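To convert, count from 1 in the sequence shown and add 810; that's the working numbering.
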Amino acid sequence: MRGIRSDINAFICPSLSTILEGMKSISRISGFLIIPVSPSMIESWISGINFLTVPTIMVMKYLLIVLDGGGDIGRETPLSLADKPNIDCLAKSGRVGLLDLKYERVVDSDIGYLKLLSSYSKEEYPGRGYLEALGIGLNPGDNDICVRGNFATLDNRGNIVDRRAGRDETGLEYFCELLDGMEIDGVRFTVRKSVGHRVVIVMEGKNLSDRINPNDPKRVGVPLPQVSAKSNEGKFTASVLNRFVYRVNKILSREPLNRKRRLPANTIIIRSTGKKKTTRGFKERFGLKGVCISAMPVARGVAGFLGMDWIEVPGATGTINTDLRAKAKKALEAVKKYDLVFLHINGTDIVSHDRKPEEKRRFIERIDRDIVGGIKSLDMKETVVIITCDHRTASSPEYKGYEHLNLPVPVLVSGNGIKSDSIE
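Set out below in structure tokens:
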């Protein structure tokens, strides 16, 4: 695939006819519909996908590698510019195309994972907050409201300086201990540190609702807004959350530990909520035993929500400073025990949000070497390898707007029964 330069990225198929041949074979094996396009068709809307939406009729192992935010925008993207011989080799023996995950208003990772695993519906969706809580090992009650947030930095005027408090984890565990157990109007707050600058909050009490609007403006240099209610039933919850955020700022602003940080973590931005729901499990739905390998609570939470297992990997951090080789080794072990392995890699999204396209390119090259190169011993006669993204994340500093993009994402499928489309 080296040499393909398009504003989609290096996974785009340059020929519509080459990929159409054999689509029935792929769908028959896995129910996975690949949407091919040519460069001249980039502006066209693509049909949707459903991964594993028909019963599997062959004994097969699936390795689903998801590069979080791996897609990008522009004529030359980090993915297209990266030196990736191992991915190129899989592309040569397999097929490439685009997936339209059919996002509506919100382009977010949890919805992307659920869509890739064909388990998303508005009625059953529990909300990101609940999934994050599951992913760090909490077990919220039926009436609890779960909140995901960021430790962030405010200046003296209340304007947001950094939505992630400099990605500095110094003192955050201690800050959570200070805030844990706070009570406001009969509502008890459980506060737990998540990965990096992230925090999970579980609200326990009466008359709580997830019908609120978060206060994340998704930009800096502006005042931190108030949490607002979407309906009358959310007014009490919004009021309690606003008082919680106010207290957090008062408590953390006077903490001596914040003086040792490059940027103080003196507030929590409320990003999304959630509430316990249930759905048909992955195994019940497809007859497949699945497992997730990820350091990110949201990916683990999706796995837990679907009744899938997840595996801890020492050295896996959810950042670019993660042990990719250890994750590849765990994936090889997991393929022997499970029907589907969901291998999630988060670093591509982090460097995209930080607007560092060169770092994104280098990290993709590490993925090619340590992940894709690390699974070469897989028996491809018994395995289908899928490499794709949950969404695209713009990494260019020149791009204006929020980084998550509502555009089709690249996909590569290679392995048993997958006829090559001759892309090199």
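Even for Gly, the Cβ is constructed at its ideal location relative to N, Cα and C. All values reported here derive from a predicted model rather than from experimental measurement.
Proline 1024 carries a coil assignment under DSSP once its states are collapsed to helix, strand and coil.
Note on geometry: alpha-carbon atoms of valine 957 and tyrosine 940 lie some 7 Å from one another. Sequence-distant Cβ neighbours of tyrosine 923 in its own chain, meaning closer than 8 Å and more than five residues away, are Val876, Val1108, Ala1109, Val1112, Phe1152, His1154, Asp1200. Taking a 10 Å sphere around the C-beta of threonine 1132, we find 16 or more other C-beta atoms and assign the residue as buried. Leucine 1062 places its beta carbon 8 Å or farther from that of isoleucine 1080. With 16 or more other CB atoms across the displayed protein chains lying within 10 angstroms of its CB, glutamate 1213 is buried. For valine 1001, there is no enclosing alpha helix (DSSP H); the residue is found in the beta strand (DSSP E) stretching over 997–1003.
The stretch 1146–1218 contains, as complete alpha helix (DSSP H) runs of 4+ residues, the segments 1157–1163, 1167–1176 (chain order). With a cutoff of 8 Å on beta-carbon distance, isoleucine 1174 and lysine 1137 are scored as not near each other. In this structure, valine 1009 keeps its C-beta atom at 8 Å or more from the C-beta atom of asparagine 1025.
Of the residues assessed, tyrosine 1056 falls on the exposed side of the cut-off, its CB having fewer than 16 other CB atoms within 10 angstroms. Closest option to glutamate 987, judged by alpha-carbon separation, among Gly996, Ser1004, Asp1178: Ser1004. Distances from the CA of threonine 963 to each of Arg974, Pro1218, Asp954 were compared; the closest alpha carbon is that of Arg974.
Rounded to the nearest angstrom, the gap between the Cα atoms of glycine 981 and valine 906 is 45 Å. A residue is called buried once 16 or more other Cβ atoms fall within 10 Å of its Cβ, and glycine 1114 is buried on that count.
Contact between the stretch 898–914 and the stretch 1089–1101 is absent, with fewer than three C-beta pairs closer than 8 Å. Shown here, isoleucine 1130 sits in coil according to DSSP, grouped into three states, outside any helix or strand. Taking 4 residues as the shortest admissible run, the stretch 1004–1086 contains the following complete alpha helix (DSSP H) segments, listed from N- to C-terminal end: 1045–1063. Listed in chain order, the non-local C-beta contacts of aspartate 1178 below 8 Å within the same chain comprise Ala892, Asp893, Lys894, Pro895, Asn896, Ile897, local neighbours out to five positions each way being set aside. For aspartate 898, the uninterrupted alpha helix (DSSP H) run begins and ends at 895–903, by DSSP. With a cut-off of 8 Å on Cβ pairs, the stretch 1182–1197 is not in contact with the stretch 910–925, counting fewer than three such pairs. DSSP places isoleucine 921 in the uninterrupted alpha helix (DSSP H) bounded by 919–926.
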